[in-house]
Amino acid sequence: MKRVSRRRFLYASGAAATAIVLKGCAGNPPGSGQSTTAPAVNVASGGDAVEINTVRLGYIPIFEAAPLIIAQEKGFYAKYGMTNVEVLKQASWGALRDNVVIGAVGGGIEGGQFQMPMPYYLSEGTITASNQKIPMYVLLQTSTQGNGIAVANKHKGKNVHLDLTNAKTYFEQLKGQGTPFTAAHTFGGCNQELWIRYWLGAGGINPDTDVKLIVVPPAQTVANMKTGTMDGFSTGDPWPYRIVAEDIGFMAALTAQIWPAHPEEYFALRSDWVDKHPKATKALIKGVMEAQQWCDKPENRAELAKILSGRKFFSLDESILAPPLKGAYKMGDGQKVVDDIKEGPLFWKDGRGSVSYPYKSHETWFLTENIRWGMLPPTIDTKSMVDRVNREDLWREAAKEMGIADADIPKETSRGIETFFDGVKFDPADPMAYLKSLKVKKVSV
Ligand code: CA
């Protein structure tokens, strides 16, 4: 219990003391050179002092992290009083999870970028050692689209594209030969796995019995594709662009094609931190929202590519990051080139309105999709889970305080009916009807 009392002491002794202790026990290098300065006065917009100006956030080097990084690099956190934010690159989703579990006082992080429904798994204790529950709050969505499903070159010419109905026999053949199509994702049950599963299921291919799905660390996915030991993987930009550019494989589908303006990744924090620091939380939301507006502007995309390419962030050549930020993807295998900024990653506005606002209906879909595949029991009360974890109320307050136009603030917590590329509809008011309508699923409903 030493850690708990230490945490209590840190909260009691204020921001300056916290900053000093954090520097001493940091497990990761700071994400920015600015991050170690702690000014004496913290002022949020409207003259409202934030309770603390320090926080440690984790990210994975894919475009979904861009708003968290840009808020730091462009001074948007500081603008709202969060003058001592550390944005820290995480080696993997598992490392990100572990760092949230130990929290900033243990040298970890208070939150950051998440696939969905990771914040729910943490809250329920399903992905932590000894099932320790780490209650989380989802605060905003960082981006939509910008993900895809890559397939190895050896499957060219077999109709392994968006609509898999014409590739079903080929998948059966592979299975019959004892070499079932093997696809990887980077963290079980979340976006990347769910996109692969949705894509396969829509084509009448059962992801649990017709193929092999495996979890592979991000760096290894590409190596495995190159050596031909893996047939496909689901990934975020810039990988969908690199796959074809570097002749590692081809793109079977972009997530923008599977579900236009789909929910993607989120900004979430430990609820104990948010409950103690509601003003600081809103200051962070404001900083990230302003960064999202900046990232979304086409005229800023070249600079965004340049910033993200830096050694302390993605450490990649700018020329690899710039095309997908313009929605330019060569799909390969004879498919039409995609060249439309609206098909790439979007950060503030998409075809359905707000990207940033965390719709409860989207989190309901992620939980429902987990039920579909037997990852969560059908008996769970998704509504009460979403009501507990989703803090769209804080988003709304932050949006109003920073003067976001009414037109950019959704009226409802539900975005309404969602339609997928195969014509399937998800009505958030009736998830059971969606589950019943699906032909391929694990759950019996
Ligand atoms: Ca993603």
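This note's numbering puts the first residue of the sequence shown at -12, with every later residue one more than the last.
Each residue gets a CB set at the ideal place from its N, CA and C atoms; glycine is no exception.
M372 - DSSP class collapsed to helix/strand/coil: In this structure, M372 counts as helix in the three-state DSSP scheme.
CA-to-CA distance, L83 to A25, given in whole angstroms: Residue placement at A25 is poorly supported in this model, since its pLDDT is 39, which falls under 50; the coordinates still yield a value, given next. Their Cα atoms are separated by approximately 25 Å.
Once the 5 residues before and after P345 are set aside, which same chain residues still bring their CB inside 8 Å of it? Excluding the 5 residues flanking it on each side, P345 has same chain C-beta neighbours closer than 8 Å at V125, L126, L127, Q128, Y253, N377, R378, E379, W382, in chain order.
Quick test of your reading: E97 and R43, contact by CB under 8 Å. State the CB separation rounded to the nearest angstrom. Yes, E97 and R43 are in contact; Cβ-Cβ is about 6 Å, under 8 Å.
Please name the residue or residues paired with F413 in a DSSP beta bridge. Answer by DSSP bridge pairing, in chain order: E405.
Hey, would you say the C-beta of E252 is under 6 Å away from at least one heavy atom of ligand 2? The model depicted lacks ligand 2 and carries ligand 1 instead.
Do G331 and ligand 1 come close, with the Cβ less than 6 Å from some heavy atom? Outside the cutoff, so no.
In whole angstroms, give me the CA-to-CA distance for M238 and Y421. Their Cα atoms are separated by approximately 28 Å.
Below 7 Å CB to CB, which residues in the same chain sit around I328 once its five sequence neighbours on both sides are set aside? Here the set comprises P285, K313, G314.
Is it buried or exposed for M419, if we count other Cβ within 10 angstroms and need 16 for buried? Classification for M419: exposed.
Can you determine whether any heavy atom of ligand 1 sits closer than 6 Å to the C-beta of E51, and answer yes or no? True, at least one ligand heavy atom lies under 6 Å from that Cβ.
Any non-hydrogen atom of ligand 1 closer than 6 Å to G219 Cβ: Short note on G219: C-beta not closer than 6 Å to any heavy atom of ligand 1.
Taking the beta carbon of I56 as the centre, do at least 16 other beta carbons fall within 10 Å, making it buried, or is it exposed? Buried is the call here.
Is the stretch 285 to 301 in contact with the stretch 131 to 144, if contact means three or more CB pairs nearer than 8 Å? Counting Cβ pairs under 8 Å, fewer than three are found: no touch.
Opposing strand residues paired with M238 [DSSP bridges]: DSSP lists A137 as partners of M238.
Taking Cβ positions, are Y67 and K273 nearer each other than 7 Å? Their beta carbons are under 7 Å apart, which means Y67 touches K273 by this criterion.
At a cut-off of 6 Å, would you count G175 as near ligand 1, judging by its Cβ distance to the nearest heavy atom? Incorrect: G175 has no Cβ contact closer than 6 Å to ligand 1.
Candidates K143, Y157, A240, F174: closest to E330 by CA position: Out of K143, Y157, A240, F174, A240 has the C-alpha closest to the C-alpha of E330.
Should G45 be counted as a contact of ligand 1 given a C-beta to heavy atom distance under 6 Å? Not under cutoff, so the answer is no.
Give a yes or no on whether the C-beta atoms belonging to A248 and R359 are separated by under 7 Å. Not closer than 7 Å, so no.
Report the three-state DSSP secondary structure of A27 (helix, strand or coil). With a pLDDT of 37 at A27, under the threshold of 50, the modelled position of this residue cannot be trusted, and the question is left open.
Between the stretch 177 to 188 and the stretch 101 to 121, are three or more C-beta pairs nearer than 8 Å? With the cut-off at 8 Å, the stretch 177 to 188 and the stretch 101 to 121 touch.
Please state the DSSP three-state secondary structure of T173. T173: coil per DSSP, three-state reduction.
Got a sec: does ligand 1 put a non-hydrogen atom nearer than 6 Å to the Cβ of G223? At least one heavy atom of ligand 1 is found less than 6 Å from the C-beta of G223.
Keeping to the same chain, check which residues put their C-beta closer than 7 Å to that of N15; ignore five residues upstream and five downstream. Since pLDDT at N15 reaches only 36, below the 50 mark, its modelled position is unreliable, and the value read off the structure follows with that caveat. Counting only Cβ-Cβ distances below 7 Å, and skipping sequence neighbours, we find L75.
Within 7 Å, strictly: CB atoms of T242 and W335: Not a contact, by the Cβ cut-off of 7 Å.
Could you compute how far the alpha carbon of H349 sits from the alpha carbon of A385? Those two C-alpha atoms are separated by around 20 Å.
Under three-state DSSP, which class holds E277? Helix.
Given 6 Å as the limit, tell me if N134 has its C-beta closer than that to any heavy atom belonging to ligand 1. Flag set: Cβ of N134 near ligand 1.
Using the DSSP secondary-structure output, state which residues sit across from R378 in a beta bridge. R378 is bridged by DSSP to nothing; it lacks a bridge partner.
So is R298 buried or exposed if we call it buried at 16+ other beta carbons inside 10 Å? With a 10 Å radius around the Cβ and a threshold of 16 neighbouring Cβ atoms, R298 comes out exposed.
Tell me which residues share the same chain as N193 and place their Cβ nearer than 6 Å to its Cβ, disregarding the 5 neighbours each side in the sequence. Counting only Cβ-Cβ distances below 6 Å, and skipping sequence neighbours, we find V427.
Got a sec, what are the start and stop residues for the beta strand (DSSP E) E73 sits in? Note, E73: beta strand (DSSP E), 71 to 76.
Beta carbon of P54, beta carbon of A309: below 7 Å? Contact: no.
Answer with buried or exposed for T222, where buried requires no fewer than 16 other C-beta atoms within 10 angstroms of its C-beta. Residue environment analysis places T222 among the buried positions, since at least 16 neighbouring C-beta atoms fall within 10 angstroms of its C-beta.
Alpha-carbon to alpha-carbon, M318 and A459: Because the chain is modelled from -12 through 432, residue 459 falls outside the range shown and cannot be assessed.
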